[in-house]
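Residue numbers (our numbering): -3 to 357.
Note that CB positions come from ideal geometry on N, CA and C, so glycine has one too.
To start, the structure under review is shown below, and the notes come after it.
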Ligand SMILES: Nc1ncnc2c1ncn2[C@@H]1O[C@H](COP(=O)(O)OP(=O)(O)OP(=O)(O)O)[C@@H](O)[C@H]1O
Ligand SMILES: [Mg+2]
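Following this line, the structure appears as structure tokens:
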């Protein structure tokens, strides 16, 4: 079972391996209690635990062993080179090294690492991916799971799960992913199966809603509905008027669309910066210039109509929604199909987590 405790929505997905093939057998969602999760931390473990149980009940999931993930600004991912040395020594060296670039005292951090391998031409060195997160953040997740009666088998970092969901089978492919959640957009770039880049952009689906509310002077609930019925206009036609009809008739001047486009433009700018950064890093690493040509979108915020097209024409690279069923099939059952139809893009992280369980077993 994979568990994704989002700011907006809690998702649980159960994957079963039958005859060598991974299949989603159950899935459920439940709204996250308002304000109970912020910046990746669970602020109210008991209310979130109750919501997890609701999501499990909704999906008919009974298992109690779970793969979960942490995310947030304070989760730091770095790559570093070390001289070749035994694993225990490396663990010590990593601890020392991590202290230099985590923005909080190393004694307050949970630190883990994964050996990536020797860089080309340097057999005496090993490249290591180091992950650090505040102990308090990790503890808030563990406590929440325990309160929900769950036993965490492993804690991933969210960006790592995306490549598992969208990669081409078992091939070590490359992909640039943008998980547009409620509060943030999490970017991840995997190259040849190695996570090379992660970044959290503080713009998410809720910012589109807030911009609509502000531009129209209406409440957040109205704005959320209007957003879901509207479309981000293609960049050049932003100025073209013509409102979309929302409940009480057409909205003048395309104020909703303009609000959506202005947040879209901010998001595009951040994506551009990160693509440029990844391209520059890849050039240094590989000595060849092959700029990234595509971005895969996921997360509930990616369901905003017209957003992929908007980003594509702003960025000049192909932008398309990721298929959460790329590497896993769906068991028969209409209820399951309904959950996927209603929440597909929101389920990616939970699917990636459950897939880890299948890989590990
Ligand atoms: N049909 C839709 N059209 C536009 N936006 C949508 C639609 N459905 C959901 N959203 C938006 O998706 C966002 C929630 O996405 P998601 O479930 O991925 O968030 P989360 O994982 O809980 O958040 P985070 O990853 O930031 O913790 C909300 O901002 C919501 O408005
Ligand atoms: Mg999310």
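Residue ranges of uninterrupted beta strand (DSSP E) with 3 or more members, entirely inside the stretch 178 to 224 and ordered along the chain, are 181 to 187, 190 to 197.
Counting along the chain, the unbroken beta strand (DSSP E) around residue 125 starts and ends at 121 to 130. Residue 102: not part of any beta strand (DSSP E); DSSP gives it neither H nor E. Boundaries for residue 59: no alpha helix (DSSP H) harbours it, and the DSSP string shows neither H nor E there.
With respect to the 8 angstroms criterion, residue 96 and residue 130 are not classified as neighbours on the basis of their beta carbons.
Residues 66, 106, 151 of the same chain have their beta carbon placed closer than 7 angstroms to that of residue 134, with the five preceding and five following residues left out of the count.
For residue 252, there is no enclosing beta strand (DSSP E); the enclosing alpha helix (DSSP H) has its first and last residue at 251 to 282.
At a threshold of 7 angstroms, residue 0 counts as near ligand 2, since its beta carbon sits closer than that to one of the ligand's heavy atoms. Closest in C-alpha terms to residue 72, from the list 203, 63, 195, comes 195. Beta-bridge partners assigned by DSSP to residue 174: 183, 293. Under the three-state reduction of DSSP output, residue 231 falls in the helix class. The C-beta separation of residue 182 from residue 168 comes to about 22 angstroms, leaving the pair out of contact by the 8 angstroms criterion. Taken from the Cβ of residue 4, at least one heavy atom of ligand 1 lies inside 7 angstroms. For the pair residue 345 and residue 43, the Cα-to-Cα distance works out to about 21 angstroms. When C-alpha distances from residue 117 are compared across 313, 283, 339, 354, the shortest belongs to 283. Short of 7 angstroms from the beta carbon of residue 74, and not among the five residues preceding or following it, lie these beta carbons of its own chain, in chain order: 97, 126. Within 7 angstroms of the C-beta of residue 95 there is not a single heavy atom belonging to ligand 2. Note: residue 22 is bridge-paired with 10 in the DSSP secondary-structure output. Here residue 269 is exposed. Its C-beta has fewer than 16 other C-beta atoms within 10 Å.
Ranking 278, 275, 223, 68 by CA distance to the CA of residue 260 puts 223 first.
At least one heavy atom of ligand 1 falls within 7 angstroms of the beta-carbon of residue 299. Judged by DSSP secondary structure, residue 86 falls within the alpha helix (DSSP H) whose first and last residues are 83 to 94. The residues 38, 39, 40, 43, 44, 47, in chain order, have a CB closer than 8 angstroms to that of residue 32 in the same chain once the five nearest residues on each side in sequence are set aside. Restricting attention to 10, 62, 25, 205, the CA atom closest to the CA of residue 147 is found in 62. Positions of the alpha helix (DSSP H) runs, each at least 4 residues long and wholly inside the stretch 285 to 346, are given as 303 to 311, 330 to 339 in order along the chain. Taken atom to atom, the span from the alpha-carbon of residue -1 to that of residue 6 is near 8 angstroms.
In this structure, residue 223 has its CB closer than 7 angstroms to one or more heavy atoms of ligand 1. Our two residues, residue 12 and residue 51, have alpha carbons roughly 18 angstroms apart in a direct line.
Under the DSSP assignment, residue 159 falls in the alpha helix (DSSP H) whose first and last residues are 154 to 162. Membership of residue 1 in the beta strand (DSSP E) is indicated by the continuous run -2 to 1. Beta-bridge analysis with DSSP links residue 352 to no other residue.
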